[in-house]
Structures are given as C-alpha cells and as structure tokens.
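Undergrad: Submitted below is the structure of interest, expressed as structure tokens.
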Amino acid sequence: MNSSLSSPFEAVAPTIAKRVLVIHYSQTGQLGSVAERIVAPLRDDPAIAVHVETLRPVRPFPFPWGFIRFFDAFPETAHMKPPALQPLALTGEEDFDLVILPYQVWFLAPSQPITAFLKHPVAARLLQGKPVVTVIACRNMWHLAHQKLEGLLAAIDARLIDNVVLTDPGPTLATFFTTPAWLVWGRKRGFWGMPDAGLEPGQIARTVRFGRALRDALHQGLERGTAPLLAGLGAVNANARLLVSEKAGTRSFFLWGKLLMAAGGPGAWQRKPLLVLYVLFLLALIVTVVPVSLTLQALLRPLLRGWLTRMTAHFERPSGSATDRSHLYDD
Numbered sequence: 009m010n011s012s013l014s015s016p017f018e019a020v021a022p023t024i025a026k027r028v029l030v031i032h033y034s035q036t037g038q039l040g041s042v043a044e045r046i047v048a049p050l051r052d053d054p055a056i057a058v059h060v061e062t063l064r065p066v067r068p069f070p071f072p073w074g075f076i077r078f079f080d081a082f083p084e085t086a087h088m089k090p091p092a093l094q095p096l097a098l099t100g101e102e103d104f105d106l107v108i109l110p111y112q113v114w115f116l117a118p119s120q121p122i123t124a125f126l127k128h129p130v131a132a133r134l135l136q137g138k139p140v141v142t143v144i145a146c147r148n149m150w151h152l153a154h155q156k157l158e159g160l161l162a163a164i165d166a167r168l169i170d171n172v173v174l175t176d177p178g179p180t181l182a183t184f185f186t187t188p189a190w191l192v193w194g195r196k197r198g199f200w201g202m203p204d205a206g207l208e209p210g211q212i213a214r215t216v217r218f219g220r221a222l223r224d225a226l227h228q229g230l231e232r233g234t235a236p237l238l239a240g241l242g243a244v245n246a247n248a249r250l251l252v253s254e255k256a257g258t259r260s261f262f263l264w265g266k267l268l269m270a271a272g273g274p275g276a277w278q279r280k281p282l283l284v285l286y287v288l289f290l291l292a293l294i295v296t297v298v299p300v301s302l303t304l305q306a307l308l309r310p311l312l313r314g315w316l317t318r319m320t321a322h323f324e325r326p327s328g329s330a331t332d333r334s335h336l337y338d339d
C-alpha cells in the first residue's frame with residue numbers, strides 16, 4: 009500500500025494535550041496522500057499525538073487488481089461481509105480525543121478493510137462515544153456508501169461530526185473508462201483524449217486546510233461538542249441526481265452478490281463464469297439505466313427540485329458545502 013503514513017504509536021510527551029487516531033487503508037496510494045495532507049498540521053503540533061492504525065487484510069488485496077479479482081470482490085463488499093484482518097496494533101483500551109477515518113468506496117459500499125475494522129471488537133471499544141471525521145476519495149458515487157458507513161458507526165456508538173468528500177473531476181462518461189483502467193490494469197494516465205484517472209494534485213494539496221481547522225478545533229476543545237469542526241470549508245458537495253443510479257447499482261450488486269456467494273467463496277472457480285455474465289449485465293446497466301435516469305431527472309427537474317434539494321442537504325451534513333471559512337485556512 010503506497011503511502012507515506014507511518015504506523016508506530018508516537019511517544020507521548022508531557023506536553024501532549026490531544027490524541028488523534030487515524031485509520032489507514034489506501035490501495036492505490038491516493039487516499040493515503042489525502043490523509044497525509046490532512047494529518048500533517050496535526051503531526052507538526054507538539055501538543056497533538058497522532059497514531060496511525062494501518063489495516064492489513066490476512067489475504068491482501070492486490071493493486072492493480074486484475075480483471076477477475078476486481079469483480080470477485082463485489083459480492084462480499086455489497087453484503088458487507090468483511091475479510092479477516094491481521095492483528096491490530098491497538099488493544100481497544102487506548103483513549104483518543106478524535107478519530108479520522110479515510111475510506112474508499114468499493115462497489116457503492118465502504119471498502120472491505122474499513123468494514124472489517126468497524127465490525128472488529130477493538131473498534132467498538134476505541135470509537136464508542138468518540139468524535140469521528142470521515143474522508144472519502146472516490147469517482148463520484150459515494151452517497152449510499154456513506155449512508156452504510158454511518159450505520160456502522162452508529163452500531164458502535166461513535167459520533168460522526170464531519171465528512172470530507174473528494175471526487176474525480178473528470179466527466180462522468182470518461183470516468184466510466186478511466187477509473188476501471190486504473191484499478192484493473194494500473195493505468196492512471198488518460199487515453200483517447202480523456203483526462204487522467206483520480207483526483208488532481210491540487211485537490212489533494214488543498215486538503216491541508218482541513219488539518220489546520222482540526223488542529224485549531226482541538227486546541228479549543230471543540231471536538232467535545234456536537235457542532236461540525238469543518239463547516240465553512242467546502243468539505244462536501246453532494247449530487248443527489250446520482251442517487252437513482254446508485255440505488256439501481258446497489259440493488260444489482262446485492263442480488264448478484266447473493267448468487268455469486270452461493271456459487272462459492274472468494275476466488276472459487278465456480279464464480280468466474282457468473283462474474284463474466286455479471287460484467288456484461290453491468291455494462292448494459294451503465295449504458296441504459298444511468299443515462300436514462302439522468303435524462304428523466306433533467307426533464308422532470310421542476311417536479312423533483314424539492315426532493316433533490318432535500319437529498320442534497322441530507323448528504324452534505326454535517327460539514328456542508330459552504331466555503332465562508334476557507335480563506336482562514338487556505339494557503
């Protein structure tokens with residue numbers, strides 16, 4: 009896993025006033041780069057101790073994935089059946105003031121390692137009652153995945169106080185090709201006139217503002233309250249028009265996932281013919297349901313305006329899309 013984040017628990021000096029836990033799993037390295045930028049101002053503050061807990065599945069996920077292995081991961085992901093993790097460095101008895109939880113979206117759900125952590129008994133002890141800041145880096149469909157993650161946090165009585173979302177700035181149609189090419193074959197550079205896959209360097213660099221705001225909030229003890237710490241920093245822009253497509257995709261992943269799991273476990277040869285069949289079905293879904301959904305929503309926008317407004321506001325909670333404080337923390 010390509011990231012500069014380190015995992016040892018830093019020695020706690022007498023001047024340490026706050027302790028921050030960062031959960032780390034970054035397959036391509038992109039999410040690790042985002043997390044490092046956010047955490048940097050906290051690391052640089054002598055009054056804040058940062059511990060990075062790196063998640064390591066017993067059966068590692070490869071990168072690049074390869075075609076069959078990539079799609080073979082979706083049944084367990086969709087059904088939120090986590091893989092076994094190697095032993096964690098933490099016992100659950102440690103005490104943290106703030107938890108930063110960056111995660112990837114896999115098949116419209118939280119990545120398997122993150123789901124595994126949140127269902128781990130150690131996480132239940134560590135996060136109970138603790139304020140959690142989630143950070144998403146993905147293509148563009150993250151709304152229902154975050155809803156599922158909220159459920160996992162609620163199950164262990166953790167407090168979601170902020171959410172940061174970074175999405176691929178490329179055109180939606182282009183990312184249908186560039187993102188799989190990156191994940192399956194490791195080709196990040198754009199092709200056929202399409203942009204590079206993933207976030208732009210400037211997007212990642214600007215996330216340092218969130219770390220600076222968290223640093224100041226920790227010094228003021230604001231993490232003990234209920235208000236978001238990253239409001240006014242343009243943390244998240246929801247696109248409720250994608251919800252219909254996400255719901256259709258989620259249902260297909262769930263139903264086909266049930267069929268595939270009945271055929272065998274991860275890696276079973278019996279899955280392979282079904283996986284090929286599903287890929288053909290998924291391509292048909294992408295070229296029919298997604299454009300039809302967006303077209304119908306465009307035609308019906310006057311009737312859907314109220315619903316879209318409500319859904320946008322719902323998924324932008326708690327941090328919001330306002331940028332009135334950004335000038336305080338941008339370079």
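The working numbering numbers the first residue of the sequence shown as 9 and each following residue consecutively. Note that the Cβ used here is the ideal one computed from N, Cα and C, for glycine as well.
Within the stretch 59-122, note down every full alpha helix (DSSP H) run reaching 4 residues or more, in order along the chain.
TA: Whole alpha helix (DSSP H) segments, 4+ residues: 75-80 and 82-86.
Undergrad: One question on the structure: do residue 261 and residue 86 come within less than 8 Å of each other, judged by their Cβ atoms?
TA: In this structure, residue 86 lies closer than 8 Å to residue 261 by Cβ.
Undergrad: Among residues of its own chain, excluding the 5 on either side of residue 282, which ones have a beta-carbon nearer than 7 Å to its beta-carbon?
TA: 267, 268 and 271.
Undergrad: Identify whether residue 195 lies in helix, strand or coil by the three-state DSSP scheme.
TA: Correct three-state label for residue 195: coil.
Undergrad: If the criterion is Cβ atoms closer than 8 Å, does the pair residue 243 and residue 140 meet it?
TA: No; because the gap between Cβ atoms is not below 8 Å, this pair is not in contact.
Undergrad: Quick check on DSSP: helix, strand or coil for residue 26?
TA: It is a strand residue.
Undergrad: My understanding is that residue 125 touches residue 93, with C-beta atoms under 8 Å, so please give their C-beta distance in whole angstroms.
TA: Indeed they touch by this definition, with Cβ atoms about 7 Å apart.
Undergrad: Is the Cβ-Cβ distance between residue 221 and residue 337 less than 8 Å?
TA: Contact: yes.
Undergrad: Which residue wins for smallest C-alpha separation from residue 215, given the options 190, 26 and 46?
TA: The candidate whose alpha carbon is nearest that of residue 215 is 46.
Undergrad: Can you grab the Cα-Cα spacing for the pair residue 174 / residue 35, in whole Å?
TA: So the two alpha carbons sit approximately 16 Å from each other.
Undergrad: Report the three-state DSSP secondary structure of residue 164 (helix, strand or coil).
TA: Coil at residue 164, not helix or strand.
Undergrad: Do you know whose CA, among 156, 23, 142 and 120, lies nearest residue 56's CA?
TA: Selected option, being the one with the closest Cα: 23.
Undergrad: Taking Cβ positions, are residue 95 and residue 67 nearer each other than 8 Å?
TA: Taking 8 Å as the Cβ cut-off, residue 95 and residue 67 do not qualify as a contacting pair.
Undergrad: Return helix, strand or coil for residue 145, following the three-state DSSP convention.
TA: Strand.
Undergrad: Does DSSP put residue 330 in a helix, in a strand, or in coil?
TA: If DSSP states are grouped into helix, strand and coil, residue 330 belongs with coil.
Undergrad: Just the Cα atoms here: how many angstroms apart are residue 118 and residue 288?
TA: Their backbone Cα atoms lie some 24 Å apart in a straight line.
Undergrad: Ignore the nearest five residues each way along the sequence and tell me which others in residue 192's own chain have a CB closer than 7 Å to its CB.
TA: 72, 73, 74, 75 and 78, listed in sequence order.
Undergrad: Between the alpha carbons of residue 195 and residue 28, how many angstroms are there, rounded?
TA: In a straight line, the C-alpha of residue 195 is about 35 Å away from that of residue 28.
Undergrad: Is residue 331 closer than 8 Å to residue 238 when the C-beta atoms are compared?
TA: For residue 238 and residue 331, no; Cβs fall outside 8 Å.
Undergrad: Looking at the unbroken alpha helix (DSSP H) that takes in residue 38, where does it start and where does it end?
TA: Counting along the chain, the alpha helix (DSSP H) containing residue 38 begins and ends at 38-51.
Undergrad: Please identify the residue among 326, 100 and 138 whose C-alpha is closest to the C-alpha of residue 246.
TA: Nearest option by C-alpha distance: 326.
Undergrad: Rounded to a whole number of angstroms, what is the C-alpha to C-alpha distance between residue 110 and residue 142?
TA: Their Cα atoms are separated by approximately 5 Å.
Undergrad: To the nearest angstrom, report how far apart residue 58 and residue 152 are at their CA atoms.
TA: Those two C-alpha atoms are separated by around 30 Å.
Undergrad: The alpha helix (DSSP H) that contains residue 269, what's its start and end?
TA: Run containing residue 269: 251-271, per the alpha helix (DSSP H) assignment.
Undergrad: Counting only the same chain and skipping the five closest in sequence on each side, list residues whose C-beta sits under 6 Å from that of residue 360.
TA: A question about residue 360 goes unanswered here, because the residues of the chain that appear run from 9 up to 339.
Undergrad: May I ask which residues mark the beginning and end of the alpha helix (DSSP H) holding residue 220?
TA: Residues 216-227.
Undergrad: By how many angstroms is the C-alpha of residue 318 removed from the C-alpha of residue 308?
TA: Near 16 Å, if we compare the C-alpha coordinates of residue 318 and residue 308.
Undergrad: If we call anything under 8 Å between Cβ atoms a contact, is residue 63 one with residue 31?
TA: Yes; because the gap between Cβ atoms is below 8 Å, this pair is in contact.
Undergrad: Using the beta-carbon count (16 or more within 10 Å), is residue 181 buried or exposed?
TA: Classification for residue 181: exposed.
Undergrad: Run the CB neighbour count on residue 328, radius 10 Å, all protein chains shown included, and call it buried at 16 or more, exposed below.
TA: So residue 328 counts as buried.
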